[in-house]
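Have a look at the structure below before the remarks.
Number of protein chains: 2
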Amino acid sequence: MTDRVRTVRDPDPAQARSLVEEGIERDAVVTLFGRCTVEYDGRAASTLGPGDRLVVLKPDGTALVHTDEGQQPVNWQPPGCTHEPAVEDGQFVIFSERTTPEEFLTVRFEHVDHAGALDGSDPSALDLTGTEADLKERILADPDLVESGFEPRATERDTPAGAVDIYGEDADGNAVVVELKRRRVGPDAVGQLTRYVDALERDLHAEVTVRGILVAPSVTDRARKLLAERGLEFVSLTPDPGTALSE
Amino acid sequence: MTDRVRTVRDPDPAQARSLVEEGIERDAVVTLFGRCTVEYDGRAASTLGPGDRLVVLKPDGTALVHTDEGQQPVNWQPPGCTHEPAVEDGQFVIFSERTTPEEFLTVRFEHVDHAGALDGSDPSALDLTGTEADLKERILADPDLVESGFEPRATERDTPAGAVDIYGEDADGNAVVVELKRRRVGPDAVGQLTRYVDALERDLHAEVTVRGILVAPSVTDRARKLLAERGLEFVSLTPDPGTALSE
DNA sequence: GTCTTCATGTCGGAT
DNA sequence: ATCCGACGTGAAGAC
């Protein structure tokens, strides 16, 4: 069951380099654990002094440097990078590089405690529910959830300000812009809705009233005031019919 | 140099459970590689069919499930969760749980190819430059970069719409709101600046002219038009003096 | 705890 | 390639 995994304990720099090089060659997920320093230069720049970290190299060109804390890596490179393992000044080093924008990551190991090349395959795709797309489906299946008599006319309708989540008409024939959010919203979402409503009013030559409705589970105080100031409306709705939050 | 690392190849479920339990007990970073399925339920919900993945458990309660692609984990739990290794129906399983909000993650292994408990310490902090804070410092050190005669009066000045990055006065005594962005900005930043300017105009009782200036390396077309519509201004500046982008 | 905003955000989709 | 907005965004700071 396993020649899918090759690991080394306390490899010397040459051994580490060899395992990583072969791992990359074989499209394996490569893991390293040991004392290292990290330098990054690109969109921003950073340095990180010595410490024990877990480094992961993926066959798609991703690099991750994880400390013992936090969900996010302390340093990283996105997919599409080229990783170059090397021995320099007697140390095992990984150089990682990308272009557009140019970014460089260097991980320099004082000591490698453990190195692994993990070979596998992953045919499955994630199935996720409770997203904004689900909220949209929910409304299209029952537009009255927004307002009695609401009739969707288009989704992703283009305006000079961008695409509107749901565009439609109310019972009186007014244009309605609906902006969807899967979770509680703040002022930013009001800004978005404002831009769409303004753009549509311009587009429709002021012959039609354009209403803006923000649909989300709930809204912060500041956002509610902003909505009021700008004559926009709010409807409480979650992506999941089972979850009914108080407004 | 190494009783800091304990690893097992092809552990049976009981061995995997034992190593993970001891690893958690010792505040180690635990890694697992093998064929597994993943279920998540919480703010949203997801299922993931069988595939080979790398699972990382951190002593702070973080869990990460990484496939062979992408910078982001396919599933995860944030810091503060409790991880419970178990053997169920002859399979090694990790249950992870958090509260506020309640979220559950279950990783069920068909086979574990490799398991490791990695013990280390990390005393170093990341030193990062090229951030919005650096851009702010740059301007405070030389306010003329925004405009000749500009005089900062406060940073993070509070308004009913939130805190303004830099608040000051121009050579004519007009109030100036400066919104900083470390990189090229889109319509969202204009919305932000708009909210601050509107709030300040209200606050200052329309006795003073309030100018809004967006400072960033560059701006998208749509954002530029929005700025023009709303009588706001743009100044091109990067966080790093060395990097001078064309507007 | 909630609220607000920054981020080397990342990611996907459309142009 | 850039632009735009969603994300189980995460993380930090203020209140």
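Chains as they are written, first to last, in my numbering: chain A, 16 to 262; chain B, 16 to 262.
For glycine and all other residues, C-beta sits at the position ideal for the given N, C-alpha and C.
Owing to the predicted nature of the structure, the values given are computational and were not obtained by experimental measurement.
Any Cβ of chain A closer than 7 Å to the Cβ of H129 (chain B) would place that residue at the interface, and such an atom is present.
A distance below 7 Å separates the beta carbons of G227 (chain B) and V192 (chain B).
Neighbourhood of F124 (chain A) in chain B, by CB distance below 8 Å: empty, with the nearest CB roughly 12 Å away. Of all residues in the region 17-45 of chain A, only T17, R19, V20, T22, R24, D25, V44 come within less than 7 Å of chain B when Cβ atoms are compared, listed by chain position.
In this structure, DSSP gives E84 (chain B) a state outside helix and strand, which the three-state scheme calls coil. Distances from the CA of L215 (chain A) to each of A:N189, A:V234, A:R237, A:R198 were compared; the closest alpha carbon is that of A:N189. When DSSP states are grouped into helix, strand and coil, R58 (chain B) belongs to the coil group. Excluding the 5 residues flanking it on each side, A186 (chain B) has same chain C-beta neighbours closer than 6 Å at G164, in chain order. G76 (chain B) carries a coil assignment under DSSP once its states are collapsed to helix, strand and coil. One finds K73, P74, D75, T77, P94, D137 in chain B with Cβ atoms closer than 9 Å to the Cβ of E84 (chain A), taken in chain order. Residue pairing of D137 (chain A) in beta bridges, as defined by DSSP: absent, with no partner found.
When secondary structure is reduced to three states using DSSP, R153 (chain A) falls in the helix class. In the displayed model, G131 (chain A) falls within a strand according to three-state DSSP.
Using a 10 angstroms sphere on the CB of L155 (chain A), the tally of other CB atoms stays under 16, which defines it as exposed.
Secondary structure within the region 173-254 of chain A: the beta strand (DSSP E) runs of 3 or more consecutive residues, fully enclosed, are 177-184, 190-195, 225-231, 248-251 (chain order). Residue range 28-40 is occupied by the alpha helix (DSSP H) that includes R32 (chain A), with no beta strand (DSSP E) assigned at that position. For chain A, the residues of the region 183-213 of chain B that bring a beta carbon within less than 9 Å of one of its beta carbons are R197, R198, P202, D203, V205, G206, Q207, T209, R210, D213, in chain order. With 16 or more other CB atoms across the displayed protein chains lying within 10 angstroms of its CB, P100 (chain B) is buried.
Closest in alpha carbon position to L195 (chain A), among A:E166, A:R68, A:T170, is A:T170. Taking a C-beta distance under 7 Å as the contact criterion, R198 (chain B) and P232 (chain B) qualify as a contact pair. Of all residues in the region 131-160 of chain A, the ones placed with a Cβ closer than 7 Å to any Cβ belonging to chain B are G131, L133, G135, S136, D137, P138, S139, L141, D142, L143, T144, G145, T146, in chain order. In summary, A243 (chain B) is exposed, with fewer than 16 beta-carbon neighbours lying within 10 Å of its beta-carbon over all protein chains present. Residues of the region 167-182 of chain A with a C-beta less than 9 Å from any C-beta of chain B: P175, A176, G177, listed in chain order.
With respect to G49 (chain A), F124 (chain A) sits close: the two C-beta atoms are nearer than 7 Å.
Around V108 (chain B), the same chain offers A101, R123 as residues with beta carbons nearer than 6 Å, after the five sequence neighbours per side are excluded.
When the alpha-carbon of R32 (chain A) is set against those of A:N90, A:R68, A:E103, the nearest one is in A:E103. Burial is judged here by how many other beta carbons sit within 10 angstroms of a residue's own beta carbon; L219 (chain B) has fewer than 16 and is exposed.
Just so you know, the alpha carbons of C51 (chain A) and V230 (chain B) end up roughly 37 Å apart. Residues of chain B with a Cβ closer than 9 Å to the Cβ of F165 (chain A) do not exist, since the nearest Cβ in that chain sits about 26 Å away.
A distance below 7 Å separates the beta carbons of H129 (chain A) and R24 (chain A). Straight-line measurement puts the Cα of S111 (chain A) at about 21 Å from the Cα of S139 (chain B). Taking L241 (chain A) as the centre and dropping the five residues before and after it, the same chain places the C-beta of P202, V205 closer than 7 Å to its C-beta, in chain order.
Counting the other Cβ atoms within 10 Å of the Cβ of D236 (chain A) gives fewer than 16, which makes it exposed. Burial state of P254 (chain A) is buried, judged by a 10 Å Cβ sphere holding 16 or more other Cβ atoms. When the alpha-carbon of E40 (chain B) is set against those of B:V161, B:R153, B:G145, B:L133, the nearest one is in B:L133. Within the DSSP secondary-structure output, R24 (chain B) pairs in a beta bridge with B:H129.
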